[in-house]
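Undergrad: Sharing a structure with you now.
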Amino acid sequence: MTAPGYSVFGTAIGDCGIAWSERGVIAVQLPEGSEEKTRARLAARLPQATESTPPEEIQRAIDGIVSLMDGKRTDLTGVELDYEGVPDFHHRVYEFIRTIPAGKTLTYGDIANILGMPGGAQAVGQAMGRNPVPIIVPCHRVLAAGGKDGGFSARGGVATKRRMLVIEGALADEPTLF
Numbered sequence: 001m002t003a004p005g006y007s008v009f010g011t012a013i014g015d016c017g018i019a020w021s022e023r024g025v026i027a028v029q030l031p032e033g034s035e036e037k038t039r040a041r042l043a044a045r046l047p048q049a050t051e052s053t054p055p056e057e058i059q060r061a062i063d064g065i066v067s068l069m070d071g072k073r074t075d076l077t078g079v080e081l082d083y084e085g086v087p088d089f090h091h092r093v094y095e096f097i098r099t100i101p102a103g104k105t106l107t108y109g110d111i112a113n114i115l116g117m118p119g120g121a122q123a124v125g126q127a128m129g130r131n132p133v134p135i136i137v138p139c140h141r142v143l144a145a146g147g148k149d150g151g152f153s154a155r156g157g158v159a160t161k162r163r164m165l166v167i168e169g170a171l172a173d174e175p176t177l178f
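Listed below in structure tokens is the structure:
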């Protein structure tokens, strides 16, 4: 079996990273403040992976992420993911989250109800916090009750989440003083 690979690439929100196995994408790393920090974080998450040129299908995923973060409506549901080691419930949540289109949001409670788990909003939130492939599984499109931001585990926290939602047109730009 070929060892997993990873690559770092630029986006409108900063340098992101992606890692893959023979079966699909295994990780997406949101910006860590610099290309070097993003690379180091991805390498720490996946010490068995080596930095390499992405195969064609992974390059298509990268191009899609870049396009989405440029504000273009981009469908990433065709990107193959490798869910090895991901709990079944999380897998189920992630596959549902992938169907939320850019520019739209749902709450943790909405998702729990749709998945037949009334009262399961906290479990959905825990799955979001462990999402190994943000952007491809767009956890930033999931809000707390009442449309509140909720949490976001990437560097920059909720500010990063809001920035991504503004880019996608799900939130209006922050008001200015003038």
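Numbering follows the UniProt record's numbering, in which position 93 of the sequence shown is assigned residue number 93; successive positions increment by one, without gaps. For every residue, glycine included, the Cβ atom is placed at its ideal position computed from N, Cα and C. Keep in mind that this is a model prediction, so the values were computed, not measured.
1. If you follow the beta strand (DSSP E) that Y6 is in, where does it begin and where does it stop?
2. Going by CA-CA distance only, name the one from T107, V8, M164 and G64 that's closest to I51.
3. Could you check what DSSP says for T74 in three-state terms: helix, strand or coil?
4. With a threshold of 16 other CB atoms inside 10 Å of the CB of I58, please say whether the residue is buried or exposed.
5. Taking the C-alpha atoms as reference points, what is the distance between I167 and M69?
6. Can T74 and G64 be called in contact, C-beta distance under 8 Å?
7. Quick one: Cα of P132 to Cα of Q29, how far?
8. With H, G and I counted as helix, E and B as strand and the rest as coil, what does DSSP make of A61?
9. Check T160 in the structure and name its three-state DSSP category.
10. Using the DSSP secondary-structure output, state which residues sit across from I18 in a beta bridge.
11. Between which residues of its own chain and S34 is the CB-CB distance below 6 Å, once the five residues before and five after are set aside?
12. If you reduce the DSSP assignment to three classes, tell me which class E51 lands in.
13. When DSSP labels each residue in this structure, what does L68 get in the three-state scheme?
14. How would you label P175, buried or exposed, when you count the other beta carbons within 10 angstroms and need 16 or more for buried?
15. Report the three-state DSSP secondary structure of V124 (helix, strand or coil).
16. The alpha helix (DSSP H) spanning D82 covers which residue range?
TA: Taking the geometry as given:
1. Counted as a single uninterrupted DSSP element, the beta strand (DSSP E) harbouring Y6 occupies residues G5 to T11.
2. A quick correction: the sequence has Glu, not Ile, at residue 51. Checking every option, the nearest Cα to that of E51 belongs to V8.
3. DSSP places T74 in coil when its eight states are reduced to three.
4. Buried, because 16 or more other Cβ atoms sit within 10 Å of the Cβ of I58.
5. Within the model, the alpha-carbon separation for I167 versus M69 is close to 7 Å.
6. Between T74 and G64, the C-beta gap is smaller than 8 Å, which places the two residues in contact.
7. If I take the Cα positions, the gap works out to 8 Å.
8. When secondary structure is reduced to three states using DSSP, A61 falls in the helix class.
9. T160 carries a helical assignment under DSSP once its states are collapsed to helix, strand and coil.
10. The secondary-structure analysis by DSSP pairs I18 across a beta bridge with S7 and V28.
11. Excluding sequence neighbours, S34 sits near nothing in its chain.
12. In the structure shown, E51 sits in a strand (DSSP, three-state: E or B).
13. L68: helix per DSSP, three-state reduction.
14. Legend: pLDDT at P175 = 48, less than 50; position of this residue unreliable, no value from coordinates given.
15. The answer is helix: DSSP assigns V124 an H, G or I state.
16. Taken as a continuous stretch (DSSP letters only), D82 belongs to no alpha helix (DSSP H), as it is neither H nor E.
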